[in-house]
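S.K.:
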Amino acid sequence: MLLPLLLFRCFINAIALSDRLSPYMSQGRVAVVTGASRGIGRAIAVQLGTENFTVYTLGRSSRKSSSPIPGQRPVAEGLDLTVESAAEEVSRRGGDGHAIVCDLSKDNEIDRILSEIFAAEGRLDILVCSAFAVPLGTSIRGDFWQQDMDMWSTLMNVGLRQVYAACRAAAPSMIETARTTKKAPLICLVSSFGGKSYTFNVAYGVGKCAVDRLASDMAYQLKKHGVASISLYPGLVKTEGNLAMVEDGSWDEASGGLDLSQGESPAFSGKAVVQLTKLNREEILERSGNVEVVAELANEFGFTDIDGSQPPSIRSLRYLLPNFVFPQVEKEAGKPIPQWIKNNVPDLLVPWSVFSSPPPS
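Numbering (mature numbering (1 follows the signal peptide of the UniProt record, and there is no 0)), first residue to last: -16 to -1, 1 to 345.
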């Protein structure tokens, strides 16, 4: 009788110890996504839900607030683009969604939130920074000396300062996660091709270039702790805000005449992030500090957009020639380029050194 009693007591003690340590022994991966109420951030959060992540959706848009969000772009009526609806969709897809309404422009707000999340979950496997804003009522295109300082302030405060604040607050939790799980947590900064080549205006390019450098320099300091950091480049994306601009007729001027119907869905970026989370520790740390292009990840790993297509990278000849070169040639020649040429443009990537050259004057 003594041996069974001892075994039973060991079993009870093990359960008690497991309960005390359960946050730190959780097998469920935990993600935090900023800017998660709409656009690319929302899509990334939802796609992580399909992989059974616990996802905390952070943003300003909430069902609890009836007041318009300052600086937020208009979208089609009837859309429930809130952190609550994003969290619900995460759960519907198989994850565990938690909505957190917050204003990341307030100092120490993100520190408090991430501290509470880590205390509850015991780990933080991925931080996605996708919050972004441009000042409303003014064209994003223009000479820098003709734009108000509000252009600089908005782009840098939301698109850079808040990103830095989130990374700074998340780093200790991610370092601890790397230590206890022996896996490599990931910081993913949503950037754009504007970090490599002139796009829209001076402030936009400076901000995106700074985001890329942030990912690179963080990677240098975090690598010894087993935490990875990358910058993610979506292509032309059919976000709710961009689609609304098509409807109200402002898209052509803002985009320079790009055809949004040929763009990527926001979910395409989400699929790319999911693929990065599937890499093992050595593989993701090898990529740490890199710029990762969504379309190029799709080619590498064989995933498609939600309609089954595989959009080309913006630095691919398959994108550059039809959108920029062919129209100019046709305009100067006064006749169309043969369709067989348009149908056979190779999917070759222009080197970054060439892509980063100034646009032709």
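Ideal Cβ placement from N, Cα and C applies to all residues, glycine included. Treat the numbers as computed from the prediction; the structure is a model and nothing was measured.
Given this structure, state the Cα-to-Cα distance separating LEU(-10) from GLY106, to the nearest angstrom.
M.R.: Numbered from its first residue, the sequence shown carries residue -10 at position 7. Numbered from its first residue, the sequence shown carries residue 106 at position 122. Any reading at LEU(-10) must be qualified, since the residue scores a pLDDT of 36, below 50, and its modelled position is unreliable; no value is offered.
S.K.: DSSP state of ILE86, grouped into three classes?
M.R.: Working through the sequence shown from its first residue, we reach residue 86 at position 102. A quick correction: the sequence has Cys, not Ile, at residue 86. Of the three classes helix, strand and coil, the one that applies to CYS86 here is coil, per DSSP.
S.K.: Are there 16 or more other CB atoms within 10 angstroms of the CB of ALA317, so buried, or fewer, so exposed?
M.R.: Here residue 317 refers to the residue found at position 333 of the sequence shown. By the neighbour-count rule (16 or more Cβ atoms within 10 Å), ALA317 is not buried but exposed.
S.K.: Check whether the segment 298 to 317 touches the segment 258 to 270, taking contact to mean three or more Cβ pairs, one atom from each stretch, closer than 8 angstroms.
M.R.: In short, these stretches do not touch, since the Cβ pair count stays below three.
S.K.: MET202 to ALA238, Cα distance in whole Å?
M.R.: Counting from one through the sequence shown, the residue named residue 202 turns up at place 218. Counting from one through the sequence shown, the residue named residue 238 turns up at place 254. Approximately 33 angstroms between the Cα atoms of the pair.
S.K.: Opposite TYR40 in the DSSP bridges: which residues?
M.R.: Taking the sequence shown and counting its residues from 1, one reaches residue 40 at position 56. According to DSSP, which records beta bridges pairwise, TYR40 is partnered with VAL16, HIS82.
S.K.: Pick helix, strand or coil for TYR182, following the three-state DSSP scheme.
M.R.: Along the sequence shown, one-based indexing puts residue 182 at 198. DSSP places TYR182 in coil when its eight states are reduced to three.
S.K.: Have a look at GLY286 and ASN274 and give me their C-alpha separation to the nearest angstrom.
M.R.: As a first step, residue 286 must be located in the sequence shown, where it is residue number 302. As a first step, residue 274 must be located in the sequence shown, where it is residue number 290. Approximately 20 angstroms between the Cα atoms of the pair.
S.K.: Taking the CB atoms as reference points, tell me whether ALA251 and ALA71 lie closer together than 7 angstroms.
M.R.: Looking up residue 251 in the sequence shown gives position 267. Looking up residue 71 in the sequence shown gives position 87. Cβ atoms of ALA251 and ALA71: not closer than 7 angstroms.
S.K.: Is SER253 closer than 7 angstroms to VAL278 when the C-beta atoms are compared?
M.R.: Position 294 of the sequence shown, counting from 1, holds the residue named residue 278. Position 269 of the sequence shown, counting from 1, holds the residue named residue 253. Yes. Within cutoff.
S.K.: Of the choices ARG47, ARG76, VAL74, SER75, whose alpha-carbon is the least far from that of GLY62?
M.R.: Indexing the sequence shown from 1 puts residue 62 at position 78. Here the closest residue by C-alpha is ARG47.
S.K.: Cα separation between GLY12 and SER234?
M.R.: Position 28 of the sequence shown holds residue 12. Position 250 of the sequence shown holds residue 234. Approximately 43 angstroms between the Cα atoms of the pair.
S.K.: Pull the bridge partners of TYR217 from the DSSP assignment, please.
M.R.: Here residue 217 refers to the residue found at position 233 of the sequence shown. DSSP output for TYR217 lists VAL277 as bridge partner(s).
S.K.: Using CA atoms only, rank isn't needed, just tell me which of ASP95, ASN185, GLU68, ASP196 is closest to PRO119.
M.R.: Along the sequence shown, one-based indexing puts residue 119 at 135. If we check each option's Cα against that of PRO119, ASN185 comes out closest.
S.K.: With 16 as the cutoff for other CB atoms within 10 Å, does PRO335 come out buried or exposed?
M.R.: Working through the sequence shown from its first residue, we reach residue 335 at position 351. When all chains shown are included, PRO335 counts as exposed.
S.K.: Give the DSSP-derived three-state secondary structure of residue 429 in the structure shown.
M.R.: This structure leaves residue 429 out entirely; the chain is present only between -16 and 345.
S.K.: Fully enclosed by the segment 280 to 310, which alpha helix (DSSP H) runs are 4 residues long or longer?
M.R.: With a minimum length of 4 residues, the continuous alpha helix (DSSP H) runs that stay inside the segment 280 to 310 are 301 to 304.
S.K.: Taking the beta strand (DSSP E) that LEU173 falls in, what are its first and last residues?
M.R.: What you label residue 173 is simply residue 189 of the sequence shown in a count that begins at 1. 170 to 174 is the span of the beta strand (DSSP E), which, as asked, contains LEU173.
S.K.: Using the Cβ count rule (16 or more neighbours within 10 Å means buried), how would you classify GLN323?
M.R.: Walking along the sequence shown from the start, residue 323 turns up at place 339. Classification for GLN323: exposed.
S.K.: Can you list, in chain order, the residues of its chain whose CB lies under 7 angstroms from that of ALA321, leaving out five sequence neighbours each side?
M.R.: Counting from one through the sequence shown, the residue named residue 321 turns up at place 337. First, the residue type needs correcting, since residue 321 is Ile and not Ala in the sequence shown. Result list for ILE321: PHE310, VAL313, GLU314, in chain order.
S.K.: Mind checking whether the beta-carbon of THR161 lies closer than 6 angstroms to any heavy atom of the ligand SAH?
M.R.: The ligand SAH is not part of this structure, which contains no ligands at all.
S.K.: I need the boundaries of the beta strand (DSSP E) containing VAL118, first residue and last residue.
M.R.: Translated into positions along the sequence shown, residue 118 becomes position 134. No beta strand (DSSP E) contains VAL118, which DSSP labels as neither H nor E.
S.K.: For GLU93, which three-state DSSP category applies?
M.R.: Translated into positions along the sequence shown, residue 93 becomes position 109. DSSP places GLU93 in helix when its eight states are reduced to three.
S.K.: I'd like the span of the alpha helix (DSSP H) that includes VAL230, first residue to last.
M.R.: On the sequence shown, residue 230 is found 246 positions in, with the first residue counted as 1. Where VAL230 is concerned, the enclosing alpha helix (DSSP H) stretches over 224 to 232.
S.K.: For the alpha helix (DSSP H) that contains LEU32, what are its first and last residues?
M.R.: In the sequence shown, the residue the question calls residue 32 occupies position 48. Start and end: 23 to 34.
S.K.: Would you identify the three-state DSSP class for GLU248, choosing helix, strand or coil?
M.R.: Taking the first residue of the sequence shown as 1, we reach residue 248 at position 264. The answer is strand: DSSP assigns GLU248 an E or B state.
S.K.: Between the alpha carbons of SER272 and GLU284, how many angstroms are there, rounded?
M.R.: For the purposes of this step, residue 272 is identified with residue 288 of the sequence shown, where counting begins at 1. For the purposes of this step, residue 284 is identified with residue 300 of the sequence shown, where counting begins at 1. Approximately 17 angstroms, taken between the alpha carbons.
S.K.: Could you check which residue in TYR182, ALA168, GLY23, VAL14 has the C-alpha nearest to that of SER45?
M.R.: Position 61 of the sequence shown, counted from the first residue, corresponds to residue 45. Comparing Cα positions, the closest option is GLY23.
S.K.: Give every residue of the same chain whose Cβ lies closer than 7 angstroms to the Cβ of GLY126, excluding the five residues on either side of it in the sequence, and list them in chain order.
M.R.: To locate residue 126, count along the sequence shown from 1; it is residue 142. The residues are ASN185.
S.K.: Within the same chain, show all residues whose beta-carbon is closer than 6 angstroms to that of ALA212, passing over the 5 residues directly before and after it, in chain order.
M.R.: Start at 1 with the first residue of the sequence shown, and residue 212 comes out as number 228. Cβ within range, chain order: ALA168, LEU170, ILE268, LEU269, SER272.
S.K.: If the criterion is Cβ atoms closer than 7 angstroms, does the pair VAL14 and THR41 meet it?
M.R.: Taking the first residue of the sequence shown as position 1, residue 14 is located at position 30. Taking the first residue of the sequence shown as position 1, residue 41 is located at position 57. Taking 7 angstroms as the Cβ cut-off, VAL14 and THR41 do not qualify as a contacting pair.
S.K.: In angstroms with no decimal places, state the Cα-to-Cα distance between SER99 and GLN130.
M.R.: Start at 1 with the first residue of the sequence shown, and residue 99 comes out as number 115. Start at 1 with the first residue of the sequence shown, and residue 130 comes out as number 146. Roughly 42 angstroms between the two C-alpha positions.
S.K.: By the DSSP assignment, the beta strand (DSSP E) with LEU111 in it spans what residues?
M.R.: In the sequence shown, counting from the first residue as 1, residue 111 sits at position 127. 110 to 113 is the span of the beta strand (DSSP E), which, as asked, contains LEU111.
S.K.: Could you check what DSSP says for LEU206 in three-state terms: helix, strand or coil?
M.R.: Working through the sequence shown from its first residue, we reach residue 206 at position 222. If DSSP states are grouped into helix, strand and coil, LEU206 belongs with the helices.
S.K.: If you draw a straight line from the C-alpha of residue 347 to the C-alpha of ASP331, how long is it?
M.R.: Look at the range of the chain in this structure, -16 to 345, and you will see that residue 347 is not part of it.
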